[in-house]
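Here the structure comes first, spelled out in structure tokens, and everything after it is commentary.
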Amino acid sequence: MASYIALNYWELGAASLFVFIDAGLSVIFRLNLHRSLLVAAIRMAVQLALVGLVLTTLFSLVSPLWTGIAAFVMVLFAGHEAAQRQEMRLSGWWSYGLGTGCMMMSSVLVTVFALTATLRPNPWYDPRYAIPLLGMILGNCMTGIGLGLNALTTSLVNRRASVEAQLMLGATRQVAAGPVTREALRSALMPVINSMSVTAVVSLPGMMTGRILGGVPPAEAVKYRSS
Amino acid sequence: MAEVVSVPGSDTLLRRKLWEILSTGVATMLANELGRSAFHAGSPILQIRDLRTNLLRPASLSLSAGECIAIRGPSGAGKTLLLRAIADLDPNEGLVCLDGRNRSTIAGPEWRRLVDYVPAEPGWWADTVGEHFSEWTTALPVVRELGFPEDAKAWPISRLSTGERLRLALVRALMVRPKILLLDEPTAALDPASVAAVEALIAIRVQSGLAVLWITHDAEQARHIAHRLLVVKGGQVREEVPEWQATSP
Numbered sequence: 012m013a014s015y016i017a018l019n020y021w022e023l024g025a026a027s028l029f030v031f032i033d034a035g036l037s038v039i040f041r042l043n044l045h046r047s048l049l050v051a052a053i054r055m056a057v058q059l060a061l062v063g064l065v066l067t068t069l070f071s072l073v074s075p076l077w078t079g080i081a082a083f084v085m086v087l088f089a090g091h092e093a094a095q096r097q098e099m100r101l102s103g104w105w106s107y108g109l110g111t112g113c114m115m116m117s118s119v120l121v122t123v124f125a126l127t128a129t130l131r132p133n134p135w136y137d138p139r140y141a142i143p144l145l146g147m148i149l150g151n152c153m154t155g156i157g158l159g160l161n162a163l164t165t166s167l168v169n170r171r172a173s174v175e176a177q178l179m180l181g182a183t184r185q186v187a188a189g190p191v192t193r194e195a196l197r198s199a200l201m202p203v204i205n206s207m208s209v210t211a212v213v214s215l216p217g218m219m220t221g222r223i224l225g226g227v228p229p230a231e232a233v234k235y236r237s238s
Numbered sequence: 091m092a093e094v095v096s097v098p099g100s101d102t103l104l105r106r107k108l109w110e111i112l113s114t115g116v117a118t119m120l121a122n123e124l125g126r127s128a129f130h131a132g133s134p135i136l137q138i139r140d141l142r143t144n145l146l147r148p149a150s151l152s153l154s155a156g157e158c159i160a161i162r163g164p165s166g167a168g169k170t171l172l173l174r175a176i177a178d179l180d181p182n183e184g185l186v187c188l189d190g191r192n193r194s195t196i197a198g199p200e201w202r203r204l205v206d207y208v209p210a211e212p213g214w215w216a217d218t219v220g221e222h223f224s225e226w227t228t229a230l231p232v233v234r235e236l237g238f239p240e241d242a243k244a245w246p247i248s249r250l251s252t253g254e255r256l257r258l259a260l261v262r263a264l265m266v267r268p269k270i271l272l273l274d275e276p277t278a279a280l281d282p283a284s285v286a287a288v289e290a291l292i293a294i295r296v297q298s299g300l301a302v303l304w305i306t307h308d309a310e311q312a313r314h315i316a317h318r319l320l321v322v323k324g325g326q327v328r329e330e331v332p333e334w335q336a337t338s339p
């Protein structure tokens, strides 16, 4: 299990060289991306460093309270990101609340199910399993819910006349908004279905890759991913 | 009566009495004809008190069955907002009653079947004309009346002209059998023959009890179709004595 290659800081620095090359290209081609690229890279490095610290503490504590708090904070951040990606915002707290609420419900449900029914670590809330698992599920959720909400609001705005036409003739809101809702759900699920169908052919899932790099035999890693 | 006739000298009195009776009858008939409806004198079917939105100042009005009110006013004054608020399509406050039933006690879909709004740019949710009607055969007489052939059912919506869209949206709305029809410039993009057809179509339904609020920019049309006149200006709704009633004695 412990047969992994440790990285030193020079090697990390060399990896960031490509970010600088990209930033240089952005300057040459006037793409105006270099600033956001560098900010994102620095943000990522700082976030990862902090997360390294937090996870170390969290893993040593194995406390249901602190695991819960960490999970909650993760969901809030994911909700914020999904809300940021919206072209049209719902008014007031709906924009943030709807996405976060959906994510909270679905990701917590799936994570708890995976922990208690399939993986079954002891204790079931062991942060070493719970936190990375929630992170992966949240990542997918965020894409799906961000896309779905965006499709819902933009197509409701674009097709306002047709939705209202049905409302005016006495249709219920479920019927009138039916086509728009179905379209939104389809666009939310499309990336998941696409990536599922090409998994192992085009891309190796992060979790499986992680376990292979961590020294687990590929056949075992596949089992983890499939569950 | 026979006794009166037999009395000599009361001849003129009798004739005057007869004339009075006759003329009153004719006057009532004329009034009905002008009012274009036997329902005109009825109690209001739609009562609105202090209806307001964030752009519309409190508006009150009442509309009787078989009555048509023209709504006029400059563009952007809030005419459409008034109709949308009555149909409960935009957030609004105030008291709206239909046949004495408070709107807040009626579910949205049912309310909009009773009080049907036809916008200036109607929306379409399917590809062909026929898909927008629950029963095309029932709609057919009205469809023909407005100048469409029977095979209009298969016409793609994308190829309809603005005028055709307006007329078909009107048929679609009438098929729901509303008690109140809210029309937002239904003849704005029509040729004179179609305008006449639409006006006649609505007039017949008004005669049989339909109540209509009709937004129009055309003073002449307002005179043809309406019994009363509302003017909307800067979000303020008020009733005016129409010029065609003000000028006649």
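For the protein sequence lines, the chains are L and R, in the order given.
Under the numbering used here, think of the first position of the first sequence as 12, with each following residue one higher.
Under the numbering used here, think of the first position of the second sequence as 91, with each following residue one higher.
Where a beta carbon is used, it is the ideal one built from N, C-alpha and C, also for glycine.
With 16 other Cβ atoms within 10 Å as the buried cut-off, status of residue i
i        : result
Lys323/R : exposed
Asp274/R : buried
Ser237/L : exposed
Val296/R : buried
Ala94/L  : buried
His222/R : buried
Met265/R : buried
Val331/R : exposed
Val219/R : buried
Ala82/L  : buried
Asp206/R : buried
Ala155/R : buried
Met207/L : exposed
Tyr140/L : buried
Asn252/R : Before going on, a small fix: residue 252/R reads as Thr here, not Asn. Counting Cβ neighbours within 10 Å, Thr252/R comes out exposed, since fewer than 16 surround it.
Pro228/L : exposed
Glu254/R : buried
Thr78/L  : buried
Trp8/L   : Because chain L in this structure spans residues 12 to 238, residue 8/L falls outside the shown range and cannot be described.
Below-7 angstroms beta-carbon distance, residue i vs any chain R residue
i        : result
Glu22/L  : no
Leu6/L   : There is simply no residue 6/L to check, as chain L begins at 12 and stops at 238 in what is shown.
Thr183/L : yes
Met12/L  : Model confidence at Met12/L stands at a pLDDT of 46, short of 50, so the residue's coordinates are unreliable; what they give is reported in the following sentence. Judged by the 7 angstroms Cβ criterion, Met12/L is not in contact with chain R.
Close beta carbons around residue i, own chain, < 6 angstroms, minus the five adjacent residues each side
i        : result
Ala195/L : Gly159, Ala162, Leu163
Ala182/L : none
Ala128/R : Confidence at Ala128/R is low in this model, with a pLDDT of 42, below 50, so its placement is unreliable and no value can be given for it.
Pro75/L  : Tyr136
Thr199/L : Thr is not the amino acid found at residue 199/L; the sequence shown has Ala there. So the qualifying residues of the chain are Gly155, Leu158, Gly159.
Thr118/R : Its pLDDT being 44, under 50, Thr118/R is placed unreliably in this model, and the value from its coordinates should be taken loosely. Taken in chain order, the list of residues that qualify is empty.
Beta-carbon proximity list for residue i, same chain, < 8 angstroms, skipping 5 on both sides
i        : result
Ile159/R : Leu151, Leu153, Val302, Leu303, Trp304, Ala316, His317, Arg318, Leu319, Leu320
Leu144/L : Thr122, Ala125, Leu126, Leu130
Ala25/L  : none
Val232/R : Val261, Leu264, Met265, Leu291
Asn43/L  : Ser37
Leu69/L  : Trp77, Thr78, Ala81, Pro138, Ile142
Contact with chain L by residue i, beta-carbon distance below 7 angstroms
i        : result
Pro212/R : yes
Val266/R : yes
Trp215/R : yes
Beta-carbon proximity list for residue i, same chain, < 7 angstroms, skipping 5 on both sides
i        : result
Val233/L : Met219
Met85/L  : Leu145, Gly146, Leu149
Met99/L  : Thr164, Thr165, Val168
Asp254/L : With chain L covering 12 to 238 only, the question about residue 254/L has no answer from this structure.
Gly90/L  : Tyr107, Gly110, Thr111, Met114
Ala287/R : Glu235, Leu236, Gly237
Chain B residues whose Cβ lies nearer than 9 angstroms to that of residue i
i        : result
Arg193/R : The structure shown contains no chain B; its protein chains are L and R.
Contact list for the segment 175–186 of chain R against chain L, Cβ threshold 7 angstroms: Ala177, Leu179
Flag this pair as touching only if the segment 222–234 of chain R and the segment 274–287 of chain R have three or more C-beta atom pairs under 8 angstroms; answer yes or no. no
The segment 235–250 of chain R: which residues have C-beta closer than 8 angstroms to a C-beta of chain L, in chain order? none
At a CB distance below 9 angstroms, what residues from the segment 196–209 of chain R approach chain L? Give them in sequence order. Ala197, Gly198, Pro199, Glu200, Trp201, Arg202, Arg203, Leu204, Asp206, Tyr207, Val208, Pro209
Closer than 9 angstroms, Cβ to any Cβ of chain R: which residues of the segment 164–180 of chain L, in chain order? Arg170, Arg171, Ala172, Ser173, Val174, Glu175, Ala176, Gln177, Leu178, Met179, Leu180
Pairing CB atoms from the segment 236–243 of chain R with CB atoms from the segment 175–192 of chain R, are three or more of them under 8 angstroms? no
Which residues, in chain order, does the segment 312–333 of chain R contribute to contact with chain L at a C-beta distance below 8 angstroms? none
Using a Cβ-Cβ cut-off of less than 8 angstroms, list which residues of the segment 290–312 of chain R approach chain L; keep chain order. none
Count the CB pairs spanning the segment 192–207 of chain R and the segment 173–192 of chain L that are closer than 8 angstroms, and state whether there are at least three. yes
Contact set between the segment 252–264 of chain R and chain L, restricted to residues whose Cβ is under 8 angstroms from the partner: Ala259, Arg262, Ala263
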